[in-house]
Amino acid sequence: MIKKVLFIYLFLFSINFSSFSQGMIFFHDSWEEALKKAKLENKLIFVDAYTKWCGPCKRMQKNIFPTQKAGEFYNKHFINMKIDMESQEGMKWGLTYPVGAYPTFFFITPDGKVSYTHTGGMDIKRFIDMGKSALKSFDKSDDYEEEWKKGNRNYDFVLKFIKSLALANKPTNKVALKYLHSKPDITKDQKAVLLFEATTECDSKLFELMTKKKNLKLLKEIYSENELNKKIYDACWRTFLKSYEYDVKELKDEAVKKMKKYNKQDYKEFLGKMHLYDAEKTGDLDKYIKASKEYFKLLKDTEAKIDFIDEVSQKFNSDDKIKALIEQLAKITFEKDKNPESYTNYVKILITNKKYNEARKHLGKALKMAEEQRKSDIVRTLKRYQRYLQKTN
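Per this note's numbering, the very first residue in the sequence shown carries number 985; after that it's consecutive.
Following this line, the structure appears as structure tokens:
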């Protein structure tokens, strides 16, 4: 019985969260995709290199990763991953990043270099402190600030300085505006790029300058539509979060107004996410479930839907309403998208909800679909599910 519970715990979700507290959200795609995501978001990758038999690893996964404090800090600053070092993926990964003891925590830069490591389990305070130390090891803004104070106004340097400030979640306004007010000898394209990198909130002078017609026109030639939309989305979202931090409703209204004006493509999704956040803050589970269903309708591709289902499942414990919700969303995803990814996710949810007979009913069909489409990774996952179900009554 203990092994059965442990298998579900480690293999399917690795969660044991208290109700309405958000723990760490882990990225489940390949290492290559994680590096791409890290480059896109300019973040370090946090890696929990563990084994299934390791006691401290289990305690971290059960007692630390699920906590709200860990989630709030690590979800904000890092791309989080867990790698079983005895799996095929882990053994391959370990050739580049050797591990001598477990758990070993890695903080890796977007270009694949190890920025910081620590070995061994710890309490929540030390875990947060470790993350802060990792950020500090990656934060070059203090070094750049010394150069700035010495008068270095080279464009490439200033751009690096601004990027480092943004990465460290430090204010960029003062440096960027002071530099621009000095009327530097730079091209219009360079100015537009600097504004793009420096803008982190929509309630700012930098956002106002970035979204002027002439600058937007240039930015559309330099960045992809997705990159520009994401910049606007992130700036508006950060201002929305400030409305809660400072209890200023006008900031929320401003975020909504500017999102609607400058990123119509993602406006509905932004509102849905905002309503979801509002519902979560109320602590009303029924309201959150309703908002989740509405937000889910806005998601277009299978990956986004599965990620959202995982996110909801990682935010709460085994509340019956949440279990029913994620099962419903997983079923809708499979029935609409009809691909191996969505079908496998549905089987996983059924196993998690201990609906073993229903899982067996669908597993064979999912396996056949994955084999026909030559999805080898999914086939391996489904066969592991199959072996588990064979041992389960």
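A virtual CB, placed ideally from N, CA and C, is assigned to each residue, including glycine.
Cut-off 8 Å between Cβ atoms - residues of its own chain near residue i, not counting five sequence neighbours on either side
i	result
T1317	T1286, K1289, I1290, I1293, S1326, N1329, Y1330
K1147	N1026, E1181
H1259	A1275, E1278, Y1279
T1365	T1328
V1340	Looking at the sequence shown, residue 1340 is not Val but Tyr. Excluding positions up to five away in sequence, the list reads L1334, L1373, T1376, N1377.
P1040	Y1086, P1087, G1104, G1105
T1101	T1088, F1089, F1090, F1091
P1324	A1350, M1353, A1354, Q1357, K1359, I1362
Residues that residue i bridges to, as DSSP identifies them
i	result
Y1034	D1068
H1102	F1089
I1029	I1063, I1092
F1057	DSSP, once it has assigned bridges, lists no residue as partnering F1057.
Where residue i sits in the DSSP three-state scheme
i	result
I1170	coil
F1062	strand
F1010	strand
K1124	coil
K1236	helix
C969	Outside the shown range of the chain (985 to 1377) lies residue 969, about which nothing can therefore be said.
A1150	helix
Q1249	helix
E1016	helix
S1188	coil
T1266	helix
F1049	coil
N1213	helix
S1208	coil
V1363	helix
D1140	helix
R1358	coil
G1084	coil
N1199	helix
G1135	coil
K1226	helix
N1157	helix
D1113	helix
K1375	coil
K1076	helix
D1218	helix
K1097	coil
S1005	Low local confidence applies: a pLDDT of 45 at S1005 is under 50, so the model's placement there is unreliable, with the coordinate-based value given in what follows. Coil at S1005, not helix or strand.
Y993	Note that Y993 scores 43 on pLDDT, short of 50, meaning its location in the model is unreliable; the coordinates nonetheless yield the value given after this. In this structure, Y993 counts as helix in the three-state DSSP scheme.
Cβ neighbours of residue i in the same chain (closer than 7 Å, five flanking residues each side left out)
i	result
K1196	none
W1015	W1077
I1310	I1293, V1296, S1297, I1333
A1160	I1146, L1178, A1182, L1190
I1092	L1028, I1029, V1031, V1098, S1099
T1184	A1150, T1156, A1219, R1222
Q1174	Y1139
D1321	T1286
F1010	N1064, M1065, K1066
Same chain, Cβ closer than 6 Å to residue i, neighbours up to 5 away in sequence not counted
i	result
A1022	I1029, I1063, P1094
F1057	I1112, G1115
L1313	F1280, I1293
A1263	K1271, Y1272, A1275
K1242	C1186, C1220
Cβ distance (whole Å) where residue i is taken to contact residue j below 8 Å
i	j	result
Y1279	G1256	4 Å
L1203	F1180	6 Å
M1065	V1031	5 Å
S1216	A1176	Here residue 1216 turns out to be Ile, not Ser, going by the sequence shown. With a Cβ gap of about 14 Å, I1216 and A1176 do not count as contacting.
M1075	T1035	Contact doesn't hold; Cβ gap of about 11 Å is too wide.
A1152	L1119	7 Å
F1090	A1033	6 Å
K1245	L1235	At roughly 16 Å, the Cβ-Cβ gap does not stay under 8 Å, so K1245 and L1235 are not in contact.
K1162	S1125	So it is not a contact: roughly 15 Å between Cβ atoms.
N1213	D1250	6 Å
S1117	R1137	Actually they are not in contact, since the Cβ atoms of S1117 and R1137 sit about 31 Å apart, beyond 8 Å.
E1238	D1187	5 Å
Y1230	K1265	In fact, because the Cβ distance is near 14 Å, the residues do not count as touching under 8 Å.
Interface flag, residue i vs chain D, CB-CB below 8 Å
i	result
E1016	No chain D is present in this structure, which holds just one protein chain.
Would you list, in sequence order, the uninterrupted alpha helix (DSSP H) runs of no fewer than 4 residues that lie entirely inside the stretch 1271-1352?
-> 1286-1299, 1304-1321, 1324-1336
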